[in-house]
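Numbering (full-length UniProt numbering), first residue to last: 1 to 975. Even for Gly, the Cβ is constructed at its ideal location relative to N, Cα and C. Beneath this line is the structure, given in structure tokens, with notes to follow.
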């Protein structure tokens with residue numbers, strides 16, 4: 001038992017040893033003490049568990065007062081530390097939770113006390129109850145609030161009145177999809193077509209009849225016009241880039257694939273025939289050659305369904321559509337041919353539109369609409385110019401169709417007054433071709449008596465040998481027409497006063513513009529399968545559906561082609577021979593250049609002349625600039641600066657007056673005048689290079705074109721806006737300098753001053769001579785006499801000269817007493833004179849006297865440079881006016897040099913750029929070229945060029961003659 005007590009005492013001593021809880025670092029501990037330190041180190045995660053036995057907890061020996069042991073001092077041991085219980089008690093009481101709890105209790109009590117104080121300050125409102133009327137307290141007796149509550153809508157009624165947010169979200173999503181689709185369409189069209197697509201759906205059109213009385217419609221029409229013009233501008237840029245890309249691609253292929261034989265793709269028969277029609281449509285209308293080749297002409301009343309029938313034949317919704325509006329405003333020639341892919345492209349563009357994609361279809365409709373608007377001239381509604389479109393696809397019948405504007409009966413607001421007559425003339429021009437197939441479209445949903453086109457067709461083809469009648473909207477006719485036999489009469493040709501090769505009934509949709517071709521075909525087949533007209537044998541099976549119609553039209557078309565192509569080949573050959581003979585007899589030494597080739601030649605000449613501007617020498621530029629600038633500012637310098645300053649009597653006043661006037665002149669007028677002079681000089685030099693004769697090689701056929709290019713380029717050219725600011729600083733610094741460095745500059749200034757004063761003196765002498773009339777020499781030699789007024793001026797001049805001889809330093813203005821004296825002296829000699837006449841005569845007389853005096857002083861100043869350089873003060877020889885003219889001369893030289901640098905460095909290049917832009921714009925405007933390149937030679941070359949193109953396509957006509965029958969049999973076999 002004793003050893004246990006001893007063990008407990010030792011443990012107690014070790015536990016309460018003051019050296020265990022030291023703060024010294026580990027490396028200073030003694031080797032003996034390191035084990036104790038590690039066992040209780042606070043940073044250790046695994047501390048040894050302290051065992052407290054029951055003996056230690058309950059034995060009284062642990063609390064015995066033991067005497068503190070004095071351990072032997074260890075060199076690296078812990079230092080003893082005393083434990084103060086007040087400090088440990090304060091540390092416990094000052095913990096954070098006690099502070100927060102105490103603050104919360106104290107703050108709550110203070111807040112409650114403050115609130116009670118504020119509450120005591122509020123007055124008792126019950127004392128003012130008498131102010132409120134009694135009716136307020138008795139309102140329950142007069143108004144039944146229960147009835148009002150029942151009359152108000154409940155939550156279910158309010159739910160019905162509130163908008164359906166789900167539908168709103170759905171509509172917004174559709175609207176977002178719409179703009180997304182429009183944005184995709186914009187990516188296919190260069191320029192500002194995105195604005196037009198966003199203004200309406202892709203299928204909508206911008207052609208709409210507007211009421212001139214409505215401001216909103218006028219504004220809409222103005223915005224649409226601006227957008228279309230912008231689109232046309234960017235469309236021209238796109239076409240120009242496509243053309244350049246095509247030429248570059250051709251050059252690359254020629255460079256990379258030299259020596260490699262490329263197999264040319266063989267064009268189809270219908271494509272070659274369509275090319276011939278395109279060439280003939282551009283030919284001079286006076287020959288009427290294009291009117292003798294077959295094509296299918298689609299005519300009908302407005303909104304009869306012409307375009308829909310054409311789209312069913314082409315199997316694509318390619319045309320702009322509208323409800324009751326005129327959509328076709330110029331003829332559209334559609335060439336149908338068979339191909340692996342369903343695509344469409346224009347004659348003058350290489351871009352292909354994929355007709356299986358809705359985005360390309362919308363872009364194609366928009367492009368057709370833009371081309372129609374471009375063809376329509378200002379003040380017109382329709383245009384006779386043709387738009388050529390090629391459509392290829394599997395299963396398409398090969399033929400050429402022309403969609404014409406719909407025939408109207410009444411000209412509505414927004415249309416040109418001659419719209420009806422123009423449509424009739426266009427339709428007659430196409431239908432009067434004896435080889436044209438007339439596809440007459442009649443709306444079956446309207447009364448037959450309202451038809452206009454049937455009378456027109458019966459006039460053009462009274463025997464019906466080349467007319468095919470098509471009745472559209474048969475589904476509506478079956479529903480609306482009371483007597484089905486009336487439809488039978490139309491199909492049998494008994495109702496209308498016209499004859500036809502065949503009669504067909506078709507259905508081109510339900511009237512929804514967003515329907516696809518496949519859906520329309522299914523609806524058409526389903527309708528005719530269930531139609532009573534077929535079941536009752538009122539219609540025959542071969543007379544219905546657009547499929548049968550396209551086959552019949554194709555057969556008739558190729559039959560016409562076979563019958564007429566041989567005759568047309570002979571006529572083309574004869575016409576070409578006549579044109580070549582005429583050219584050889586009239587222009588034997590000139591090459592045959594059509595209008596486009598002549599324009600390219602003139603373009604190169606104009607660009608060469610513009611390049612020659614950069615070869616003008618700097619000396620020539622500065623001489624003409626300095627001379628022109630002095631001619632422009634000389635009057636201001638002499639009249640407004642030099643003469644007023646020269647009237648002063650001393651040097652200081654002269655210099656002060658000159659400096660003030662020069663500063664005002666430089667700040668306001670001089671830079672602008674200098675830029676104007678430079679711009680006029682550039683125009684003159686450009687005009688000189690454009691108009692100077694080139695000798696025998698000069699061709700006057702380009703004169704009108706060059707003049708138009710020159711005027712348009714000058715109109716577009718604008719001088720750099722920052723030129724005036726830089727000139728102002730340079731001119732101000734030049735005029736501030738008064739230091740003449742050598743005798744050569746002094747003599748040059750005197751010579752410049754003498755020239756300017758001599759010119760002014762000469763002008764003054766001429767003015768005096770006109771005032772007083774001819775002198776005695778002219779009166780004797782040329783038999784001239786003075787008028788009465790000239791005699792009065794002469795007498796007045798003589799009297800004023802006498803006054804100046806008496807006082808040569810007379811001031812510039814006459815005093816009133818001097819005027820009276822002169823008048824009295826003249827009256828004494830019998831000459832009545834007015835004071836205003838005396839002043840006018842005095843102005844010229846004194847001006848001549850002053851200029852002569854200034855010239856004499858200028859001669860005296862030739863020897864005054866030494867005095868000026870040494871700063872001698874000599875009142876008899878003050879040459880401040882020479883310094884003034886030296887400053888002006890130096891300013892002119894520096895300004896001319898600065899303007900010359902601006903001309904050669906920037907303005908000539910900018911003018912060249914403007915000339916190129918003008919030439920590119922003219923190249924795209926065929927009407928401008930026709931207007932500027934005129935003459936018999938041009939027209940003959942143009943006709944001959946078209947005939948040569950037809951001659952190069954002669955293989956087409958030979959193929960027509962040799963292989964048409966085989967093609968026709970193959971067509972029949974395929975179908």
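Is it true that the CB of residue 929 sits closer than 9 Å to the CB of residue 596?
-> Locating residue 596 in the chain shown gives position 596, counting from the first residue. Locating residue 929 in the chain shown gives position 929, counting from the first residue. Yes, Cβ-Cβ distance for residue 596 and residue 929 is below 9 Å.
Can you name, in chain order, every residue of its own chain whose Cβ lies under 8 Å from the Cβ of residue 428, other than the five neighbours on each side?
-> Counted from its first residue, the chain shown places residue 428 at position 428. The answer, listed in chain order, is 456, 460.
Tell me where the beta strand (DSSP E) around residue 472 begins and ends.
-> Your numbering for residue 472 matches position 472 in the chain shown. Counting along the chain, the beta strand (DSSP E) containing residue 472 begins and ends at 467-472.
First and last residue of the alpha helix (DSSP H) that includes residue 372?
-> In the chain shown, residue 372 corresponds to position 372, counting from 1. Its alpha helix (DSSP H) spans residues 358-375.
For residue 607 and residue 425, the rounded distance between their alpha carbons | As a first step, residue 425 is located in the chain shown; it is residue number 425 there, counting from the start. As a first step, residue 607 is located in the chain shown; it is residue number 607 there, counting from the start. Distance between the alpha carbons of residue 425 and residue 607: 44 Å.
Along the chain, where does the alpha helix (DSSP H) that runs through residue 881 open and close?
-> Translated into positions along the chain shown, residue 881 becomes position 881. Unbroken alpha helix (DSSP H) run through residue 881: 880-902.
With contact counted as at least three CB pairs below 8 Å, one residue from each stretch, are the segment 906-918 and the segment 619-634 in contact?
-> no
Host alpha helix (DSSP H) of residue 499 (start-end) = In the chain shown, residue 499 corresponds to position 499, counting from 1. No alpha helix (DSSP H) contains residue 499, which DSSP labels as neither H nor E.
What is the DSSP secondary structure of residue 613, reduced to helix, strand or coil?
-> Within the chain shown, residue 613 is the residue found at index 613, counting from 1. Residue 613 falls in the helix class under three-state DSSP.
Which two residues bound the contiguous beta strand (DSSP E) that contains residue 122?
-> Along the chain shown, one-based indexing puts residue 122 at 122. Looking at the DSSP string, residue 122 is not in any beta strand (DSSP E), and its letter there is neither H nor E.
Can you tell me which of 829, 823, 848, 300 puts its alpha carbon nearest to the alpha carbon of residue 836?
-> Here residue 836 refers to the residue found at position 836 when the chain shown is read from its first residue. For the residues 829, 823, 848, 300, the minimum Cα distance to residue 836 belongs to 823.
Please go through the same chain and pick out, in chain order, the residues whose beta-carbon is closer than 6 Å to the beta-carbon of residue 708, but skip the five residues on each side of it.
-> The sequence position of residue 708 within the chain shown is 708, counting from 1. Excluding positions up to five away in sequence, the list reads 932.
Alpha carbon to alpha carbon, how far is residue 827 from residue 637? Give it in angstroms, no decimals.
-> In the chain shown, residue 637 corresponds to position 637, counting from 1. In the chain shown, residue 827 corresponds to position 827, counting from 1. Rounded to whole angstroms, residue 637 to residue 827 spans 39 Å at the Cα level.
Where do the ends of the beta strand (DSSP E) carrying residue 335 lie?
-> Here residue 335 is taken as the residue at index 335 of the chain shown, counted from 1. 332-338 is the span of the beta strand (DSSP E), which, as asked, contains residue 335.
Which residue's Cα is closest to the Cα of residue 941: 832, 592, 465?
-> Position 941 of the chain shown, counting from 1, holds the residue named residue 941. Checking every option, the nearest Cα to that of residue 941 belongs to 592.
Contacts around residue 740, its chain only, beta-carbon distance under 6 Å, and the 5 residues preceding and following it disregarded | Here residue 740 is taken as the residue at index 740 of the chain shown, counted from 1. Within the same chain, residue 740 has close Cβ partners 746, 886.
When you compare only the Cα positions, how much space is there between residue 225 and residue 365?
-> Against the chain shown, residue 225 aligns to sequence position 225. Against the chain shown, residue 365 aligns to sequence position 365. So the alpha carbons of these two residues sit roughly 18 Å apart.
From what residue to what residue does the beta strand (DSSP E) around residue 747 run?
-> Your numbering for residue 747 matches position 747 in the chain shown. Here residue 747 belongs to no beta strand (DSSP E); instead the alpha helix (DSSP H) covers 743-772.
Three-way DSSP call (helix, strand, coil) for residue 345 in this model = As a working note, residue 345 is residue 345 in the chain shown. Of the three classes helix, strand and coil, the one that applies to residue 345 here is strand, per DSSP.
Within the same chain, show all residues whose beta-carbon is closer than 7 Å to that of residue 14, passing over the 5 residues directly before and after it, in chain order.
-> Within the chain shown, the letter at position 14 stands for residue 14. No answer about residue 14 holds up, because its pLDDT of 46 lies below 50 and its placement is not dependable.
How would you call residue 806, buried or exposed, if buried means at least 16 neighbouring beta carbons within 10 angstroms?
-> As a working mapping, residue 806 is identified with position 806 in the chain shown. Under this definition residue 806 is an exposed residue.
Determine the closest residue to residue 510 out of 502, 519, 503, with distance taken between C-alpha atoms.
-> Along the chain shown, read from residue 1 onward, the residue named residue 510 stands at position 510. If we check each option's Cα against that of residue 510, 519 comes out closest.
Cβ neighbours of residue 66 in the same chain (closer than 7 Å, five flanking residues each side left out) = Locating residue 66 in the chain shown gives position 66, where the first residue counts as 1. With a pLDDT of only 41 at residue 66, under 50, the local geometry of the prediction cannot be trusted, and the value read off the model is given with reservation. Hits under 7 Å: none found.
Quick one, are the C-beta atoms of residue 338 and residue 396 less than 9 Å apart?
-> Here residue 338 refers to the residue found at position 338 when the chain shown is read from its first residue. Here residue 396 refers to the residue found at position 396 when the chain shown is read from its first residue. Yes. Within cutoff.
What's the gap between the Cα of residue 220 and the Cα of residue 230?
-> One-based indexing of the chain shown puts residue 220 at position 220. One-based indexing of the chain shown puts residue 230 at position 230. One C-alpha to the other measures close to 15 Å.
Quick one: Cα of residue 850 to Cα of residue 619, how far?
-> For this step, residue 850 is matched to residue 850 along the chain shown. For this step, residue 619 is matched to residue 619 along the chain shown. For residue 850 and residue 619, the distance between alpha carbons rounds to 36 Å.
Sorted by chain position, which residues of the same chain lie with C-beta nearer than 8 Å to residue 487's C-beta, five sequence neighbours on each side aside?
-> Counting from 1 along the chain shown, the entry for residue 487 is found at position 487. Result list for residue 487: 444, 471, 474, 477, 478, 481, 505, 533, 538, 539, in chain order.
Is the CB-CB distance between residue 674 and residue 895 below 9 Å?
-> In the chain shown, residue 674 corresponds to position 674, counting from 1. In the chain shown, residue 895 corresponds to position 895, counting from 1. Cβ distance < 9 Å, so residue 674 and residue 895 count as in contact.
Any contact of the segment 579-590 with the segment 894-914, i.e. 3+ C-beta pairs under 8 Å?
-> no
Thinking C-beta only, is residue 436 closer than 9 Å to residue 468?
-> In the chain shown, residue 468 corresponds to position 468, counting from 1. In the chain shown, residue 436 corresponds to position 436, counting from 1. No, they are not a contact pair.
Measure from the alpha carbon of residue 772 to the alpha carbon of each residue in 841, 831, 577, then state which is nearest.
-> For the purposes of this step, residue 772 is taken as residue 772 along the chain shown, with counting starting at 1. When each option's Cα is compared against that of residue 772, the closest is 841.
Hey, could you find the ends of the beta strand (DSSP E) residue 443 is sitting in?
-> To locate residue 443, count along the chain shown from 1; it is residue 443. It spans 437-443 - the beta strand (DSSP E) in which residue 443 sits, taken as one unbroken run.
Report buried or exposed for residue 107, applying the criterion of at least 16 other Cβ atoms within 10 angstroms of its Cβ.
-> Position 107 of the chain shown, counted from the first residue, corresponds to residue 107. Residue 107 is exposed by the Cβ-count criterion.
Going by Cα to Cα distance, which pick from 719, 705, 105, 647 is closest to residue 677?
-> Here residue 677 is taken as the residue at index 677 of the chain shown, counted from 1. Of the listed residues, the one whose Cα sits closest to residue 677 is 719.
Rounded to whole angstroms, how far is the Cβ of residue 762 from the Cβ of residue 774, which I believe are closer than 8 Å?
-> By 1-based counting over the chain shown, the position of residue 762 is 762. By 1-based counting over the chain shown, the position of residue 774 is 774. No, residue 762 and residue 774 are not in contact; Cβ-Cβ is about 17 Å, not under 8 Å.
Can you tell me which of the three DSSP states residue 634 falls into?
-> Taking the chain shown and counting its residues from 1, the one referred to as residue 634 is at position 634. In this structure, residue 634 counts as helix in the three-state DSSP scheme.
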